[in-house]
Every structure is written in structure tokens, then in C-alpha cells.
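Student: Before I ask anything, here is the structure I am working with.
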Amino acid sequence: MEDSLVDELRRIGLDEGSYRVLALLPLVHVAWADGKIQKEEAAQIEAAAARQGIIAGDLAREVLDRWLAQPPSEPERAAGMRLLVELARRRGAVGGDVDAMTLRELIDLCHDVAAAAGDLFGLADPVSREERAALAEIARLLSIDTGQSWVELYKDLHRDP
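This is the structure we're talking about:
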């Protein structure tokens, strides 16, 4: 990993061994969109962390725990999203495995987190206005904004061929 990337990772409390937690940053952002993380949202993020191999005692786990306790600052979130995009572009290099979480998986996970604490009876949209704004921001920051709304993009990805 080149020095400039390592320096940026260090500025947000990560290193070469803990960068995989950046794949969870969009989920954390969605969860904090309404000002607090609900128990159901945290459970979705914890399950994703387990699938990413983020375990107790790792620096990545410490950073995730901090993000779950209080939202990342705007500069930290912006730097983390930039780093996530940069690392995902580096196929075959350290950081190239970040793109193992495909666009569809990331969209699914973000949507799952947004819907996790939603309407109990299915009478209203489980995704709040603030969460929709966070989802749109994630799409923009990750360069996946196709001009579709987040809902349209999510539905398109789940249409039967």
C-alpha cells in the first residue's frame, strides 16, 4: 500500500491491517442518519462485521465500536468514504479485496440497516427521510448514482431476469 494511503488511513485511526472496516462505514452512516443507532440497526452492522472477519481485539473492531458509540465526524466519514472508493479501485493490490462486497451487497446491506428499525406493522415505509438522504449521499460518494432514486436502484437490482 502506498505511503499516502497509509497516511490517510492513520489519520482516521486505521492501518494496513484494519482497512476492511471501511466497508462498514456506509452502514454506520445510514444507521446514524436519524441521530441514533437502533438495536436492530446495530445487529445488522454486527452481522456484517462478523462476515467481514472483524473480531474483538482488532484495531478494526475498536474503530467499529467507536463508530457505533458515536457517529464518525464529518471529516472522518468523508475521508473514510474516499479511502473506501480508492481501495476498491485497486484490484489485485492490497485493498483490492474491499470490492469483494459487490455493489448489490452494499446496497442490500445499507437498505437492510435503514429498514431494520422501521415500521413494525408494514403500514408505512420502514426507511425514514433521513435514512433516504443518507442512502442518496452514499450513492453519490461511492459514485453509484445513476440518476435513479435509491429505491429505484434497489428495486432494479432485485428484479427477476
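Residue numbers for the sequence shown, in the working numbering: 639 to 799. Beta carbons: idealized from backbone N, C-alpha and C, even for Gly. Nothing here was measured: the structure is a model prediction, and the numbers come from that model.
So, helix, strand or coil for aspartate 653, using DSSP?
Tutor: Here residue 653 corresponds to residue number 15 of the sequence shown, with the count starting at 1. Correct three-state label for aspartate 653: coil.
Student: Under a three-way DSSP split, which group does glycine 695 fall into?
Tutor: Along the sequence shown, read from residue 1 onward, the residue named residue 695 stands at position 57. Note: glycine 695 maps to coil in three-state DSSP.
Student: Within 10 angstroms of the Cβ of glycine 691, are there 16 or more other Cβ atoms? Answer buried if so, exposed if not.
Tutor: The residue labelled residue 691 in the question sits at position 53 within the sequence shown. The residue in question, glycine 691, is exposed, as its Cβ has fewer than 16 Cβ neighbours within 10 Å.
Student: Using the three-state DSSP reduction, which class does serine 642 fall into: helix, strand or coil?
Tutor: Within the sequence shown, numbered from 1, the residue matching residue 642 stands at position 4. The answer is helix: DSSP assigns serine 642 an H, G or I state.
Student: Which of the three DSSP states is assigned to aspartate 737 in this structure?
Tutor: Position 99 of the sequence shown holds residue 737. Summary for aspartate 737: the model assigns pLDDT 46, below 50, so the residue's position carries little reliability, and this model does not support an answer.
Student: The alpha helix (DSSP H) spanning alanine 661 covers which residue range?
Tutor: By one-based count along the sequence shown, residue 661 stands at place 23. Premise fails: alanine 661 is in no alpha helix (DSSP H) and is neither H nor E.
Student: My output table needs one value for leucine 725: the three-state DSSP class, helix, strand or coil.
Tutor: As a first step, residue 725 must be located in the sequence shown, where it is residue number 87. Leucine 725: helix per DSSP, three-state reduction.
Student: Buried or exposed: where does glutamine 708 fall if 16 or more other Cβ atoms within 10 Å of its Cβ makes it buried?
Tutor: Taking the first residue of the sequence shown as position 1, residue 708 is located at position 70. Glutamine 708 is exposed by the Cβ-count criterion.
Student: Considering Cα atoms alone, identify which of Leu725, Pro713, Leu652, Leu747 is closest to alanine 686.
Tutor: Here the question's residue 686 lines up with position 48 in the sequence shown. Closest by alpha carbon: Leu747.
Student: Is alanine 717 near serine 656, with beta carbons less than 8 Å apart?
Tutor: Position 79 of the sequence shown, counted from the first residue, corresponds to residue 717. Position 18 of the sequence shown, counted from the first residue, corresponds to residue 656. Taking 8 Å as the Cβ cut-off, alanine 717 and serine 656 do not qualify as a contacting pair.
Student: Is it buried or exposed, alanine 694, if we count other Cβ atoms within 10 angstroms and call 16 or more buried?
Tutor: As a first step, residue 694 is located in the sequence shown; it is residue number 56 there, counting from the start. With fewer than 16 Cβ atoms within 10 Å of its Cβ, alanine 694 is classed as exposed.
Student: Among Leu780, Leu652, Val644, Asp645, which has the Cα closest to the Cα of leucine 722?
Tutor: Working through the sequence shown from its first residue, we reach residue 722 at position 84. Closest by alpha carbon: Leu780.
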